[in-house]
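A.B. asks: Have a look at the structure that comes next, please.
Chains as they are written, first to last, in this note's numbering: chain S, -10 to 266; chain U, -10 to 266; chain E, -10 to 266; chain W, -10 to 266.
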């Protein structure tokens, strides 16, 4: 029950993504205009690929809008792939191990939404996590268990298939326990090369999700906007809620679909949960 | 730029004041309906008189709405005089030493509002604090400096006069520096026996402040409300924003005035800043 | 891998237990002289019985030695049964949900020591927790899983038997996985009436544990010590490490044994793990 | 009352400085073997020059030894000039605004030691800070006031002279108030190009300070140590306490002296406080 942003493109200073835009994600932490919650003050996290083999992450339990370290890091870290997430807890404690993005090896994962009646079905879900992965679960959120189910079901090999299998499993277990609409989600995941973004909910009424228009198209429409001449054609943002106020900049991800952003190729495809066989 | 609550009366479990009422102060930390900010998530504090010679205090930099220790304390502390404050920072850092209520000896102090252009006039104000009190300033807020000015000017002997002198001094120094409306305030202070609550602003348009109707009057109007039979006639609340939904329960403190709540006698009087002679 | 203190007796201000004694528990957080770690700075917690149906608790991730709220609470809370714990993490994150004492209903639990190779056997242990209790596990420590195993095995009905069964189960599962000495422990648990304190380790070389001499005995030996005339004969402390410097005040709990402290009766008995049947 | 490290040289991953060496600064936060305190658990901070016009900083109130964000940042940030500081508070609150290194524009500052009887002379010292700089003081430590005195007295133009003037002023004010030995210090400051490191105390018995031997000398003595072939001849460390265990690697900064580290030239000079004229 949160908001998030995923960026892939030319190297960018984090503050250009997180602080400077009108209706920036940090603004949204205090005053979101779309979405189920207007305040997302239960901690936040960022992840980025740059120095080192794994992505860097920074998690804090303080609200993003007044967090001094976040502001400082955003002014001093530049990256080509960036994830950022602001949290509104749906019940689990506000602690760093419950802050997104979650990391496993080179992978990051973040989620807006919830697994309904998670307390009732948590044990059944956790039992489905590969025993060798189980000890790496650090926090207590539905979102992290969802990540570990996707890892168990092949996220690192075929992300869309793994997420479809994980959602199918969650829906199957939830319905067996009498939960009508077990999952509500927008999810982003990345290995630092490609970014996958999913929009789905069991009830067919998912949280909002937008992707940015191709930079070359925007540049042709708005030749006077300087920043558009600085970033590559491939640069893309996926967000819970539009940033800035550039006409034509944002496109809604359709219900029950997912997008892939990678060099030289973007795709938008239908998303269909796959129940266990 | 905050919300607060002051209680004086029969011993009460803190959660009855802070958590259980509709539109409770904890609710207001996430969704305030009146006032300049809708979110007050930059820390909070409580103060109470009970065991020990001085009031107990608890301060946290986390938002009140999801703070586990606050919830726990509220269920396990009972007191006759209670102060509670939720903060929306107007610029100074979110740290425990900036959380209200501030304490000096047996006195507590909390403030909603601000000293305008505080950064510009802070040095002049701090120079007016008694040098023997100066080392006891722990944080960096306008509200704490205001408290120490009031202490310097006799708060412990005559609270209304001391606050009138402090406000006169702040207005005098602010205007000398070109600040048109130097102060905006509702303030509560107590020595554990009496509670004083002030409503004033240089521009004559102060933040809201309400005091509760006498319990015997409410009891006559609402004989069916059980809790009214449990608390003494003297029990009173002063709040930034009404709690609960009992008709006739709340009265607005008039512009430029202050109230005193003490055993056997309540008063409402005009408040007039006294500039330095 | 921690230090703890359990008190049962006349109502006492928490600071008398936690702050004022020489070598107090707060001192030990910075400079412990016994035990495997000299610094216990990975958070702390207190629990007490007083107002309300359940015990109050306060947990913090900051070191106890400089925690302002702890100092303040200790000066303003009085109780007849008090638990306090300072933590030196053996690997799990420093977060409030990993701070002892853990609470379930009216019960508190705290642990010094560890379950060895916990990461390897955590899943097997968690599977033994009653599914109806499972969702109440909030943190990620070995100590909390141990508590939930004891609850599953009847802690609320027969604490010594439940702990013997839980330790038998942990040893059995650990050894099946090749862990030579699966558990090292001193544990305290209470329902607010009686306190049980256990000392045991698979290797037969347990962390230190001491209980205080009866107050009437101490009073006869040290008639000049004023505080001994203020507390009841029944007042008792159980601690990881002696406090103060009163000769004859402390007695070591023998290896593989447990004590019960309750009104009118203290006992010391052998502790024998009971493997699953 | 702390420990610190300053690095200048070839770009280095922060973990190579902070985590990997034997007796690393992070190790010292838990178990220092030299110095007045063995535990430095009252928060920490790092500063580095890289992306952006100003140095990046990260401050935390948690002990460095178990801080997850520090560990993560250290693995994902590379820099040519790095400051790191672990704190043992001598009284002022543990809060981010009291964590070193302090920053002003392009300058960083960190201090091990104290201004004695700071509470008594704080007001006099603060009055000497340039009124235009005064509002930028954010915390409540002696070390930050010391930094602002040095800034007032010309740190950005002539660091050694400014520090000599600031120490002269502190000694003069302290002695006027009857403090025999007003200051104890090792200090490091940098503009991102040069690093200045000072060792001095009024009593002539200063905290320890070491600088690393030239890399070309070490390389000749220890041709088998691979890392010495990777860093430039100019790379230097200044530390409170030696790291690692390479024979001949460390040299003590003499009492009452300071060093300058900059490209192509290192210097060691006497330090003489300059009292106000």
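Beta carbons are placed, not taken as given, at the ideal position from N, Cα and C, and that holds for glycine.
How many angstroms separate the CA atom of residue 203/W from the CA atom of residue 82/W?
C.D. replies: 39 Å
A.B. asks: Can you say whether residue 56/U is buried or exposed, counting buried as having 16 or more other CB atoms within 10 angstroms of its CB?
C.D. replies: buried
A.B. asks: Distance cutoff 7 Å, beta carbons only. Does residue 135/E sit that close to anything in chain U?
C.D. replies: no
A.B. asks: With distances taken Cα to Cα, identify the nearest neighbour of residue 89/S among 53/S, 108/S, 65/S and 119/S.
C.D. replies: The residue with the shortest Cα to Cα distance from residue 89/S is 53/S.
A.B. asks: Residue range of the alpha helix (DSSP H) that residue 107/U falls in?
C.D. replies: Under the DSSP assignment, residue 107/U falls in the alpha helix (DSSP H) whose first and last residues are 107 to 116.
A.B. asks: Just checking: is the beta-carbon of residue 28/W within a distance shorter than 7 Å of some beta-carbon in chain E?
C.D. replies: yes
A.B. asks: Taking the straight line between their C-alpha atoms, what separation do you get for residue 75/U and residue 122/U?
C.D. replies: Near 26 Å, if we compare the C-alpha coordinates of residue 122/U and residue 75/U.
A.B. asks: Using the Cβ count rule (16 or more neighbours within 10 Å means buried), how would you classify residue 167/E?
C.D. replies: exposed
A.B. asks: May I ask you to list the residues that DSSP assigns as paired with residue 257/U?
C.D. replies: 248/U
A.B. asks: Distance check for residue 134/E and residue 85/U, CA to CA, integer angstroms please.
C.D. replies: 33 Å
A.B. asks: Enumerate, from N- to C-terminal direction, the unbroken alpha helix (DSSP H) stretches of 4 or more residues contained entirely within the segment 134 to 218 of chain S.
C.D. replies: 148 to 165 and 204 to 210
A.B. asks: Compare the beta carbon distance of residue 61/S and residue 34/W with 7 Å and say whether it is the shorter of the two.
C.D. replies: no
A.B. asks: Looking at chain E, which residues of the segment 76 to 103 of chain W have a Cβ within less than 8 Å of any of its Cβ atoms?
C.D. replies: Within the segment 76 to 103 of chain W, the residues whose Cβ lies closer than 8 Å to some Cβ of chain E are 78, 82 and 83, listed in chain order.
A.B. asks: Between 250/U, 112/U, 258/U and 264/U, which has its C-alpha nearest residue -3/U's C-alpha?
C.D. replies: 250/U
A.B. asks: I need the straight-line Cα distance from residue 223/E to residue -1/E, nearest angstrom please.
C.D. replies: 8 Å
A.B. asks: Could you compute how far the alpha carbon of residue 65/W sits from the alpha carbon of residue 171/E?
C.D. replies: Roughly 36 Å separates the two Cα atoms.
A.B. asks: So, does the CB of residue 130/S fall closer than 7 Å to a CB anywhere in chain W?
C.D. replies: no
A.B. asks: Pull up the distance between the alpha-carbon of residue 8/S and that of residue 18/S, whole angstroms please.
C.D. replies: Taken atom to atom, the span from the alpha-carbon of residue 8/S to that of residue 18/S is near 11 Å.
A.B. asks: Output, in chain order, the set of chain E residues within a Cβ distance shorter than 8 Å of residue 57/U.
C.D. replies: 48 and 85
A.B. asks: Please classify residue 4/S: is it buried, with 16 or more other beta-carbons within 10 angstroms of its beta-carbon, or exposed?
C.D. replies: buried
A.B. asks: Assuming residue -8/U is part of the beta strand (DSSP E), what are its boundary residues?
C.D. replies: Unbroken beta strand (DSSP E) run through residue -8/U: -9 to 2.
A.B. asks: Mind checking which residues open and close the alpha helix (DSSP H) that includes residue 75/E?
C.D. replies: Note, residue 75/E: premise wrong, no alpha helix (DSSP H); beta strand (DSSP E) at 67 to 76.
A.B. asks: With a threshold of 6 Å, establish whether the CB of residue 31/U neighbours any heavy atom of the ligand ADP.
C.D. replies: With respect to the ligand ADP, the structure offers nothing, as it holds no ligand at all.
A.B. asks: Give a yes or no on contact between the segment 90 to 105 of chain W and the segment 171 to 186 of chain W, applying the rule of three or more CB pairs nearer than 8 Å.
C.D. replies: yes
A.B. asks: According to DSSP, is residue 241/S helix, strand or coil?
C.D. replies: strand
A.B. asks: What does residue 19/E reach in chain W if we use C-beta pairs closer than 7 Å?
C.D. replies: 28
A.B. asks: Return no unless some Cβ of chain E is closer than 7 Å to the Cβ of residue 108/S.
C.D. replies: yes
A.B. asks: With 7 Å set as the bound, which would you pick, yes or no: does the beta-carbon of residue 123/S sit closer than that to a beta-carbon of chain E?
C.D. replies: yes
A.B. asks: With a threshold of 7 Å on Cβ separation, who are the neighbours of residue 162/U within its own chain once the five nearest residues in sequence on each side are excluded?
C.D. replies: 110, 113 and 114
A.B. asks: Can you tell which of 142/W, 41/W, 185/W and 98/W has the C-alpha that lies nearest to the C-alpha of residue 252/W?
C.D. replies: 185/W
A.B. asks: Give me the Cα-Cα distance between residue 243/E and residue 156/E, rounded to the nearest whole angstrom.
C.D. replies: 18 Å
A.B. asks: Could you pull out every residue in the same chain whose Cβ sits closer than 8 Å to the Cβ of residue 238/U, ignoring the five residues on either side in sequence?
C.D. replies: 201, 202, 207 and 231
A.B. asks: Using the Cβ count rule (16 or more neighbours within 10 Å means buried), how would you classify residue 256/E?
C.D. replies: exposed
A.B. asks: Starting from the Cα of residue 221/W, find the closest Cα among 227/W, 212/W and 205/W and give me that residue.
C.D. replies: Of 227/W, 212/W and 205/W, the residue nearest in Cα terms is 205/W.
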